[in-house]
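Visitor: Quick note, the sequences are listed as chains B and Z, same order. Numbered per my numbering, the first sequence spans residues 1 to 306. Numbered per my numbering, the second sequence spans residues 307 to 612.
There are 2 protein chains.
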Amino acid sequence: MSLIIIGTVAFDAIETPFGKTDKIVGGAATYASLAASYFYNKAKIVAVVGDDFQQADIDIFTAHGIDTEGLQIKAGEKSFFWSGKYHNDMNSRDTLVTELNVLENFDPIIPESYQDCEYLMLGNLTPQVQQTVIKRLKNRPKLIVMDTMNFWMDIMMDDLLETIKMVDVLTINDAEARQLSGEYSLVKAAKKILGMGPKYLIIKKGEHGALLFHEDQIFSAPALPLAEVFDPTGAGDTFAGGFIGYLAKVGTINFNNMKNAIIYGSALASFCVEKFGTEKLLNLTDEEVAGRIQEFVSLSAFNIEL
Amino acid sequence: MSLIIIGTVAFDAIETPFGKTDKIVGGAATYASLAASYFYNKAKIVAVVGDDFQQADIDIFTAHGIDTEGLQIKAGEKSFFWSGKYHNDMNSRDTLVTELNVLENFDPIIPESYQDCEYLMLGNLTPQVQQTVIKRLKNRPKLIVMDTMNFWMDIMMDDLLETIKMVDVLTINDAEARQLSGEYSLVKAAKKILGMGPKYLIIKKGEHGALLFHEDQIFSAPALPLAEVFDPTGAGDTFAGGFIGYLAKVGTINFNNMKNAIIYGSALASFCVEKFGTEKLLNLTDEEVAGRIQEFVSLSAFNIEL
């Protein structure tokens, strides 16, 4: 069995109030697979890059035990490139450059060795590409987690709804949950979205944590208050990767494990933002991760005897 | 020993997307004392109204065991009046009318019978009036909780800082914490504000819950996701009243009790917004409160074994 993560592998150039980077390796599949690798050592990626992607860039994945057989390298083409500049509050950003390049005609080819997929993470991409991946897997995975964004709601809602219907867990932010449902109350929004197909809905609220909805149950996960947010790029993908990596490790899908998975995902995301790009995700120790989880426990525990 | 709550007692006219009210009894001291009365039956208010305030209005307090000896009734004058209209998102509102009336020259007189005060809640008022109350108490209370707002930061920061220096717990929202400290990160903001005098800082984040800071400890309390927010008026004051009422009941000030107090305050605030004005706060049963607390426990509990 395996965990497959599909998404962008890209070059990013990031500017924040704390500094700027040249082109560094980024993309949803990069952040998510690195995060997942801390819990599950058989993650496999499906993505596409150009021949500007170097062996050293691929080594980032292999060093973390991530299978890159599904990483297509297009000769004579360039990798997806994104450049953005964060404002002082770090909560909003301007996109300076978006060059789709290889992403424009991305056909997600699933290697035969990936057909044992039990856990599937669909990183943010066009709903059609996400759906194609599901259809190309001979057996329906045990768990399909889908990330998406407002952009697809704006321009291809029908395709999006069709794909949402096929997944188990949807992860979106609060504004997107409101847009997708047409409801301001997140409780009402969640009820509608759970009616669209997914059994679980995760609403990401950035510095305010995350909400998990399932049937009539709700879990509210805190975010760790941080003194410095150095670079928020990839935090959502890191969250999703840690989330599904933890579930793939424990192997049982239920509300309690989902709650823990959200805490693990949040913990990795809290590391991610402490340095530029993927830097902090490259060399975390088990002790660092356990220490951060302990901080989440202390942060939210209280003891009322009724 | 007793719990004193100082703040406005007022008439409010409220309009929300769900309806509107004529003049109803509102004000910070009203919400806070009603909330406190669920935990502590010797709350006493210090406030001022005009002779438009009827016996039936006073009965709201006495029915909840709240001592109104410190409620001054000014003959020939009118009570503070506020009218506001909430937008569709219920997170923002326009103030339509503010008539200070009796509040303009409010001199907070402390009855002799109030001098046993051990717990003092300073509802949002001018920093000078808040400070006067502290000075008029012969013995420094065991715990002073202060609420304030951005308005005083804009126009009388020096007076505000002088008052803040005298209290144990400060409650403000996230935007106010940023304004008061000049720091965007709430961790850095809290560090600066705890350096201004208070031993505890509560940052209220509305639908995103609340953060408690004390020395190097942080507690993140969830807010209960609600399907309907009918009228948010008074939610912050209800929170503060439930918070200090619970602490007055348990009688010991420490971080664990503060955490529980925040959950109790949040639970009462979640009731408050379910109906117009104080309506929902008038007749809660112990079972309803306990049930709501249980919802907070379920909402935030997770179990990770490290």
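The C-beta atom is built at its ideal place from N, Cα and C for all residues, glycine as well.
May I ask you to report which of helix, strand or coil DSSP gives residue 491 of chain Z?
Guide: coil
Visitor: Of the residues that make up the region 169-193 of chain B, which ones have a beta carbon closer than 7 angstroms to any beta carbon in chain Z?
Guide: 184, 185, 186, 187 and 188
Visitor: Chain Z partners of residue 259 of chain B, CB-CB under 7 angstroms?
Guide: Scanning chain Z for C-beta atoms nearer than 7 angstroms to the C-beta of residue 259 of chain B yields 608, reported in chain order.
Visitor: Residue 112 of chain B to residue 46 of chain B, Cα distance in whole Å?
Guide: 12 angstroms
Visitor: Taking the alpha-carbon positions, what's the residue 255 of chain B to residue 473 of chain Z distance?
Guide: 43 angstroms
Visitor: Assuming residue 188 of chain B contacts residue 575 of chain Z under a Cβ cut-off of 8 angstroms, what Cβ separation, rounded to an integer in Å, is found between them?
Guide: Rounded, the Cβ-Cβ distance is 20 angstroms, inconsistent with contact.
Visitor: Is the beta carbon of residue 512 of chain Z less than 8 angstroms from the beta carbon of residue 429 of chain Z?
Guide: no
Visitor: For the region 318-393 of chain Z, list the alpha helix (DSSP H) runs that are entirely contained and at least 4 residues long, ordered along the chain.
Guide: 334-342 and 361-368
Visitor: Could you check whether the Cβ of residue 89 of chain B sits closer than 8 angstroms to any Cβ belonging to chain Z?
Guide: yes
Visitor: Name the chain B residues that come within less than 9 angstroms of residue 534 of chain Z, Cβ to Cβ?
Guide: By Cβ distance, chain B contributes 185, 187 and 188.
Visitor: Thinking C-beta only, is residue 242 of chain B closer than 8 angstroms to residue 35 of chain B?
Guide: yes
Visitor: What are the partner residues of residue 122 of chain B, as DSSP defines its beta bridges?
Guide: B:6 and B:146
Visitor: For residue 68 of chain B and residue 130 of chain B, what's the separation of their Cα atoms in angstroms?
Guide: 18 angstroms
Visitor: Can you grab the Cα-Cα spacing for the pair residue 412 of chain Z / residue 584 of chain Z, in whole Å?
Guide: 24 angstroms
Visitor: Check residue 304 of chain B in the structure and name its three-state DSSP category.
Guide: coil
Visitor: By the criterion of Cβ-Cβ separation under 7 angstroms, what are the contact partners of residue 249 of chain B in chain Z?
Guide: Those within 7 angstroms of residue 249 of chain B in chain Z number zero; the least Cβ separation is about 13 angstroms.
Visitor: Would you mind sorting residue 356 of chain Z into buried or exposed? The rule is 16 or more other CB atoms within 10 Å of its CB.
Guide: By the Cβ-count criterion, residue 356 of chain Z is buried, with 16 or more other Cβ atoms from all chains shown falling within 10 Å of its own Cβ.
Visitor: Please check if any C-beta of chain Z sits within less than 8 angstroms of the C-beta of residue 32 of chain B.
Guide: no
Visitor: Give the secondary structure of residue 130 of chain B by DSSP, where H, G and I count as helix, E and B as strand, and everything else as coil.
Guide: helix
Visitor: Tell me residue 509 of chain Z's beta-bridge partners as DSSP assigns them.
Guide: Z:478 and Z:517
Visitor: Beta carbons nearer than 7 angstroms to chain Z: which residues of the region 195-211 of chain B have them?
Guide: Here the close residues are 205, 208 and 211.
Visitor: Closest Cβ-Cβ distance between residue 605 of chain Z and chain B: below 8 angstroms?
Guide: Flagged as an interface residue toward chain B: residue 605 of chain Z, by a C-beta distance shorter than 8 angstroms.
Visitor: What residue does the beta strand (DSSP E) around residue 99 of chain B start on, and which one ends it?
Guide: It spans 93-99 - the beta strand (DSSP E) in which residue 99 of chain B sits, taken as one unbroken run.
Visitor: Does DSSP put residue 568 of chain Z in a helix, in a strand, or in coil?
Guide: Three-state DSSP puts residue 568 of chain Z in a helix.
Visitor: Which residues in chain B sit within 8 angstroms of residue 562 of chain Z, going by Cβ to Cβ distance?
Guide: 302 and 303
Visitor: Alpha carbon to alpha carbon, how far is residue 468 of chain Z from residue 553 of chain Z? Give it in angstroms, no decimals.
Guide: 25 angstroms
Visitor: Looking at the secondary structure, which residues open and close the beta strand (DSSP E) in which residue 219 of chain B lies?
Guide: 217-221
Visitor: Going by the DSSP bridge assignment, what does residue 423 of chain Z pair with across the sheet?
Guide: Z:308
Visitor: Using a Cβ-Cβ cutoff of less than 8 angstroms, which residues in the same chain neighbour residue 176 of chain B once the five nearest sequence positions on both sides are dropped?
Guide: 148, 149, 150 and 153
Visitor: Using a Cβ cut-off of 8 angstroms, pull out every chain B residue sitting near residue 599 of chain Z, in sequence order please.
Guide: 304 and 306
Visitor: Along the chain, where does the alpha helix (DSSP H) containing residue 544 of chain Z start, and where does it finish?
Guide: 541-556
Visitor: Residue 484 of chain Z: buried (16+ other C-beta within 10 angstroms of its C-beta) or exposed?
Guide: With 16 or more Cβ atoms within 10 Å of its Cβ, residue 484 of chain Z is classed as buried.
Visitor: Can you find at least 3 beta carbon pairs, one from the region 70-80 of chain B and one from the region 278-290 of chain B, that sit closer than 8 angstroms?
Guide: no
Visitor: Does DSSP put residue 277 of chain B in a helix, a strand or coil?
Guide: coil
Visitor: Hey, is residue 219 of chain B's beta-carbon within less than 8 angstroms of any beta-carbon in chain Z?
Guide: yes
Visitor: Given this structure, state the Cα-to-Cα distance separating residue 501 of chain Z from residue 88 of chain B, to the nearest angstrom.
Guide: 24 angstroms
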